[in-house]
Every structure is written in C-alpha cells, then in structure tokens.
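Numbering (the numbering used here), first residue to last: 27 to 461.
The beta carbon of each residue, even a glycine, is placed where N, CA and C say it ideally should be.
The structure presented is a predicted model; accordingly, all values stated were derived computationally and were not measured.
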Ligand SMILES: [Zn+2]
C-alpha cells in the first residue's frame, strides 16, 4: 500500500526547509511570549536573553527551560499568551499534589491539534471510509478529544466511545464495523482477549490501532497484532497536555519511532543534569518548544521523558525527526492505566490523613490492566488490632487517594516499622509490570 499523508507538502518537506520554517516561527513566538507572558519575560530577563537575540533555531539553546513547577506556580492563568476571551477549550493533566496543569486552546490551537491527530490516523491508513473507535477517556483528559478531532478532520466516521464498558465496546466494534481503534495498549490487549474469549473476534475488522498514553513493548505490539489477526497493525502515538495532547508525534507504516510534527513543535534532547543540548542519537530528556500555539505556548518545556531522536531517512517518505518510545523518566512519575501518578501525591494524602510518609507503592499488570496497591504503616498512635477499625481507616484512605489521583488504589494498613527500609527510608516503589 502506498504511503498516504494528510499534509504531504509539510510531512515530506526537505529538512532545510523545515528548519527554515521552524526558525521563522520560533522568532515570532519568542517575541510573542516576551511581550505577552510575564513569567517568560521574567525568565528571559534573568537569563539576559532578549527576543532580538533569537534569530532562528540555532539560538534556541539560549532560552531558559520551562518546567511543570512553573506551570503549577502560574496556575491557572499565568502562562496565557492570549486574552481568555480568545480561548475556546481547557484540558487538564492529572497533576501532582493538588494543583493540576490546565492548558488553554484557541480555535486555531484546536485545529492544529486535530491536524496532528489527523496526520497520525492517515499514517496508519485511515481515510474517510474508515470507522474510528475512540476508547480513550473523554473530558479533561486529552486522549479522547484529540483523536476525536483528528478522526473528524480525516472525515472518518467517529465512534466516541470513551473508556470502559468492554461489552458495549465490542458490540459497537462489531455492529458498526470499526476499522481503527484508539486506546491505551493495555486496553487494546484486553479488548482483543475479551473478543477472543467471547468469539466476537470473528466479526471484528480492526485493521490498525493507535495506542498511547502508557509505556508498552515491542512484544506487546506483536501480541496485540496477533490477537486481532487479519494483518492488523498496532501503532504508537505520543503527546502531553502541556504541549497539546496526543499527536505531538506519531508512528508511520515503518513502525520505527514516532515522527514529531516539526512544523508545530521543536524537539530537543538534553542532558537532564546539565541542561546541555545533545546531538541526535543520544539518549536524554525530551524538550519541546511549541512554535505555532497561540493560547498556551511552551518554550523549551521539559517533558521528563527519556528518549532518543533520530533524523535518519524514514522509508515512509516523511522527513520529520523521529523519537523513540520513552525509555524512562527523570522523575519518579508512574503511569497507571494511562493516568500520571506521583509518589508525592500519595505522600500528601497520607500526611493530610495523619499518617507518616512510610508507605510502599506496588504496581502490577493483571489481565492487561494496571493495578496499584499502597501499603501504609500505621503510626503507633493509630495502631490497632481491631479489624473493623482498620477496614474503616483503609476505606477512608482509598477514598482520599481516589480524589487525589483520580484512580482506585487498594490500601493495606500495616503495623508500624514493617515496611522494608533501605538506608533508613522505606522502599517507595515496586513496579512488577514487565515494560
Ligand atoms: Zn516514517
């Protein structure tokens, strides 16, 4: 099958022209944020950089980084580059310790995001004759709205299923003849297994899947492809709310890394310790600058994802650089059922509820679904062998964690000083998932 592009003139643009386009847009964006976003102006002033110093992408390294803490400090409106009246949408991350990151979009920002997702859908063979089943969550989470918008742009028939309710997912998948599936890889695997177990698989014609929002392996890819059968292909997609949502980068037919939409985003790899920019091919922290976004521009945003960028020629004909799957994090963030979870969030809940920060998080994957168990030491004051009382205390913690994390975590209260310690500190995270 010949490779199809949603925006061929952009996606196959010669590299020197991409760089030229990036340079023009960067210069404009930096002038814009310096004039309109006080935190950027302050940071640039502190670093002694003026908009006039930025002549093109070769000067990008002069600019200060932006971190998640900056976004939290400026919650909710501090990073806005446009009046609120120009904005039409808010999306949000499952943030850490109370304050979430809220991202704002103008209509142009939404159109750009939709286009990124349309490129991803086209790259996996999607056309207006396809039926795209989106089972990412809809709402504040960017997964559902992003692929939904992309599917509309391609002109595919869109099934906005949102997450959960596997029976209904499989029923619609059969009855409405879905051909492209968008969800987390673990849910794709679960759907395939359920379809095999119920015999529904014989009536399912998924030809491609766009799977993101959590880590997955090549083995898992082959496994999903085999389970759906009929030559089905599983593709990766990458994104984050701060930058736009899913579609910042997407996989093509080559399945060898994700093309970054470089007309909208400049990707860099840095040494997470020194901040030094590393050449293509080096492993380091991924950093993005949004050069076309209007409402919520990000300048050198540190994603905390560790990966590798490559500008080697791709057989698909796209010229935009490819990023590897994230190989880890520079912080201790866990991704559980597509939701970002930080140990610090759990710690905050424990302290609020009168416990000490002696706990252990055990993450596993059971039947293709992530599970999270939190062992918490009772304090000597709280310690009791009254099982009814312990159950009540556990229930209270489960509900407090649910409201902080947005997902269910099982809680087990244990006696004081019973969690294994290393150098005096409880071992915080045990991740038993094979990723
Ligand atoms: Zn490619």
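message: For residue 280, tell me which candidate among 359, 459 and 150 has the shortest Cα-Cα distance.
response: 150
field: Expected contact under 8 angstroms - CB spacing of residue 118 and residue 108 to nearest Å
entry: At roughly 18 angstroms, the Cβ-Cβ gap does not stay under 8 angstroms, so residue 118 and residue 108 are not in contact.
message: Going by the DSSP bridge assignment, what does residue 34 pair with across the sheet?
response: According to DSSP, which records beta bridges pairwise, residue 34 is partnered with nothing at all.
field: Local conformation of residue 310 per DSSP, three classes
entry: strand
message: On the criterion of 16 or more Cβ atoms from any shown chain inside 10 Å, does residue 135 qualify as buried, or is it exposed?
response: buried
- request: Check whether the Cβ atoms of residue 83 and residue 106 lie closer than 8 angstroms to each other.
  value: no
task: Could you check the C-alpha separation between residue 123 and residue 93 for me, to the nearest Å?
output: Model confidence at residue 123 stands at a pLDDT of 49, short of 50, so the residue's coordinates are unreliable and nothing is read from them.
- request: Could you work out which residue in 160, 178 and 266 is closest to residue 187 when comparing CA atoms only?
  value: 160
- request: Decide if the region 241–259 is in contact with the region 213–233; the criterion is three or more beta carbon pairs, one per stretch, under 8 angstroms apart.
  value: yes
- request: Compute every distance between the C-beta of residue 247 and the non-hydrogen atoms of ligand 1, then say whether any falls below 7 angstroms.
  value: no
- prompt: In three-state terms, what does DSSP make of residue 436?
  reply: strand
task: Confirm, please, whether the CB-CB distance from residue 289 to residue 312 is below 8 angstroms.
output: no
- request: Would you list, in sequence order, the uninterrupted alpha helix (DSSP H) runs of no fewer than 4 residues that lie entirely inside the region 336–417?
  value: 369–378
query: In terms of residues, what are the limits of the alpha helix (DSSP H) holding residue 61?
result: 41–62
- prompt: Near ligand 1, which residues have their beta-carbon closer than 5 angstroms to a heavy atom?
  reply: 278, 280, 340, 342 and 344
- prompt: Anyone know if the C-beta pair for residue 168 and residue 272 falls short of 8 angstroms?
  reply: yes
- prompt: Looking only at DSSP bridge pairs, what is residue 135 linked to?
  reply: In the DSSP output, where bridge partners are listed per residue, residue 135 has none listed.
- prompt: Does the region 214–223 come close enough to the region 378–394 to have 3 or more Cβ pairs within less than 8 angstroms?
  reply: yes
query: Hey, out of 193, 245, 238 and 207, whose CA is closest to residue 220's CA?
result: 193
field: Closest residue to residue 61 among 339, 323, 380 and 368 (Cα-Cα distance)
entry: 323
message: Can you tell me whether residue 305 is buried or exposed? The criterion is at least 16 other CB atoms within 10 Å of its CB, across all chains shown.
response: exposed
Residues bridged to residue 117 (per DSSP): 129
field: Counted within 10 angstroms of its Cβ, other Cβ atoms place residue 202 as buried (16 or more) or exposed
entry: exposed
message: Assuming residue 200 is part of the alpha helix (DSSP H), what are its boundary residues?
response: 192–201
- prompt: By Cβ distance below 6 angstroms, which residues in the same chain neighbour residue 294 in space, the five residues on each side in sequence not counted?
  reply: 303 and 313
message: Buried or exposed for residue 413, going by 16 or more other Cβ atoms inside 10 Å?
response: exposed
- request: Using DSSP bridges, identify the partner residues of residue 158.
  value: 184 and 206
message: The beta strand (DSSP E) that contains residue 230, what's its start and end?
response: Segment: none, residue 230 is in no beta strand (DSSP E) and carries neither H nor E.
Continuous beta strand (DSSP E) stretch holding residue 246: start and end: Careful: residue 246 lies outside any beta strand (DSSP E), inside the alpha helix (DSSP H) at 244–254.
message: Between which two residues does the beta strand (DSSP E) holding residue 266 run?
response: 259–266
- request: Enumerate in chain order the residues of its own chain whose CB-to-CB distance from residue 114 is below 8 angstroms, with the five nearest sequence positions on each side excluded.
  value: 131, 132, 133 and 136
query: How about residue 335 and residue 353: do their beta carbons lie closer than 8 angstroms?
result: no
message: By the DSSP assignment, the alpha helix (DSSP H) with residue 95 in it spans what residues?
response: 94–99
message: If the criterion is Cβ atoms closer than 8 angstroms, does the pair residue 384 and residue 296 meet it?
response: no
- request: On a CA-only basis, which of 366, 238, 177 and 224 is nearest residue 1? Give me that one, please.
  value: Residue 1 falls outside the range modelled here, since the chain spans only 27 to 461, and no answer is possible.
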